[in-house]
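Those sequence lines, one after another, are chains A and B. Going by our numbering, the letters in the first sequence line up with residues 137 to 246, in that order. Going by our numbering, the letters in the second sequence line up with residues 314 to 431, in that order. Glycine included, every Cβ here is placed at the ideal spot set by N, Cα and C.
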Amino acid sequence: QKEVEQNSGPLSVPEGAIASLNCTYSDRGSQSFFWYRQYSGKSPELIMFIYSNGDKEDGRFTAQLNKASQYVSLLIRDSQPSDSATYLCAVNQGAQKLVFGQGTRLTINP
Amino acid sequence: GAVVSQHPSRVICKSGTSVKIECRSLDFQATTMFWYRQFPKQSLMLMATSNEGSKATYEQGVEKDKFLINHASLTLSTLTVTSAHPEDSSFYICSFKGFGGAVGNTIYFGEGSWLTVV
């Protein structure tokens with residue numbers, strides 16, 4: 137079992153709709169969870185991080201964490217074509233390392 | 314915000330030669346930096362963790378004699394790919410771990426370096 141799993145996609149969402157990205161992880165001791173966006177050929181950029189169970193909202197983005205189910209998700213409201221990218225879920229391993237999922241490729245269709 | 318500067322952004326080298334990639338943290342002193350490698354359409358794979366003033370810790374399967382990491386100061390870490398071969402062609406990304414304050418406890422990435430070995 138992979139440590140961090142994501143559906144590789146592609147996930148296609150119409151413009152203006154809600155895009156839902158999911159991630160599961162295997163290490164119950166993980167405390168920090170991150171979502172990065174990566175455009176093709178570019179470096180990842182941090183979108184959000186979440187430490188506590190529940191929802192965390194930042195603009196059009198909402199991160200959701202359920203530690204009991206070992207599940208973290210990212211919702212993107214009012215999806216825009218510029219949101220088309222690969223979204224990487226990352227989970228801390230110990231105090232230092234992050235383990236990344238393989239990423240979900242999201243396409244927003246105008 | 315926190316900025317990590319990485320150079321060069323693209324480099325082409327001949328097989329058998331060595332290439333050095335630099336990573337600088339511009340706004341913060343980074344006691345810990347990380348080097349990742351990403352092959353096309355694959356996720357980021359951690360290669361090594363670089364601690365200032367001490368030897369880097371390499372992940373399993375990463376050859377420490379091939380991928381030399383130097384973290385001699387709090388703002389600079391370098392990765393040298395020695396005796397590069399075509400299979401080393403990849404996207405190499407450095408990052409540093411913030412610690413509290415404005416950057417929080419998160420990891421920020423450099424712009425990445427595309428290495429092509431011909």
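{"query": "With 8 angstroms set as the bound, which would you pick, yes or no: does the beta-carbon of B/Thr-362 sit closer than that to a beta-carbon of chain A?", "result": "yes"}
{"query": "Does the beta carbon of B/Gln-437 come closer than 8 angstroms to any beta carbon on chain A?", "result": "This structure cannot speak to residue 437 of chain B, because chain B is shown only from 314 to 431."}
{"query": "On a CA-only basis, which of B/Cys-326, B/Gln-319, B/His-320 and B/Ser-331 is nearest B/Ser-396? Give me that one, please.", "result": "B/Ser-331"}
{"query": "Based on DSSP bridge pairs, tell me the residues matched to B/Met-346.", "result": "B/Ser-363 and B/Phe-409"}
{"query": "Roughly how many angstroms separate the alpha carbons of B/Cys-336 and A/Thr-160, rounded to a whole number?", "result": "31 angstroms"}
{"query": "What residues from chain A crowd round B/Leu-359, counting only those whose CB sits closer than 7 angstroms?", "result": "Lys-233"}
{"query": "Can you grab the Cα-Cα spacing for the pair A/Cys-225 / A/Asn-158, in whole Å?", "result": "8 angstroms"}
{"query": "I need the straight-line Cα distance from B/Thr-402 to B/Ile-325, nearest angstrom please.", "result": "First, the amino acid is wrong: residue 402 of chain B is Ser here, not Thr. Rounded to whole angstroms, B/Ser-402 to B/Ile-325 spans 9 angstroms at the Cα level."}
{"query": "Would you grab the beta carbon distance between B/Lys-333 and B/Val-431 for me? Rounded to a whole angstrom, and I think it's under 8 angstroms.", "result": "Not quite, the Cβ-Cβ distance comes to about 18 angstroms (not below 8 angstroms), so this is no contact."}
{"query": "Tell me the DSSP secondary structure of A/Glu-151 in three-state form.", "result": "coil"}
{"query": "Since B/Tyr-405 contacts B/Arg-350 with CB under 8 angstroms, what's their CB separation in whole angstroms?", "result": "6 angstroms"}
{"query": "To be precise: take each residue of the region 194–219 of chain A, compare its Cβ to all Cβ atoms of chain B, and keep it if any distance is under 9 angstroms. Which residues remain?", "result": "none"}
{"query": "Going by CA-CA distance only, name the one from A/Pro-246, A/Leu-234 and A/Glu-151 that's closest to B/Met-346.", "result": "A/Leu-234"}
{"query": "Here's a check: name, in chain order, each residue in its chain whose Cβ is nearer than 6 angstroms to the Cβ of A/Lys-203, leaving out the five neighbours to either side.", "result": "Asn-189"}
{"query": "Excluding sequence positions up to five away, which residues of its chain have a Cβ less than 7 angstroms from the Cβ of A/Phe-185?", "result": "Ser-168, Phe-169 and Phe-170"}
{"query": "Do B/Ala-343 and B/Thr-388 have their C-beta atoms within less than 8 angstroms of each other?", "result": "yes"}
{"query": "On a Cα-Cα basis, can you pick out the residue from A/Ser-209, A/Ser-220 and A/Ile-154 that is closest to A/Leu-242?", "result": "A/Ser-220"}
{"query": "Does the distance between the C-beta of A/Ser-179 and the nearest non-hydrogen atom of the ligand PLP fall short of 7 angstroms?", "result": "Summarising the ligand content, the structure contains no ligands, and the ligand PLP is consequently not present."}
{"query": "Which partner residues does A/Gln-174 have in the DSSP bridge list?", "result": "A/Thr-222"}
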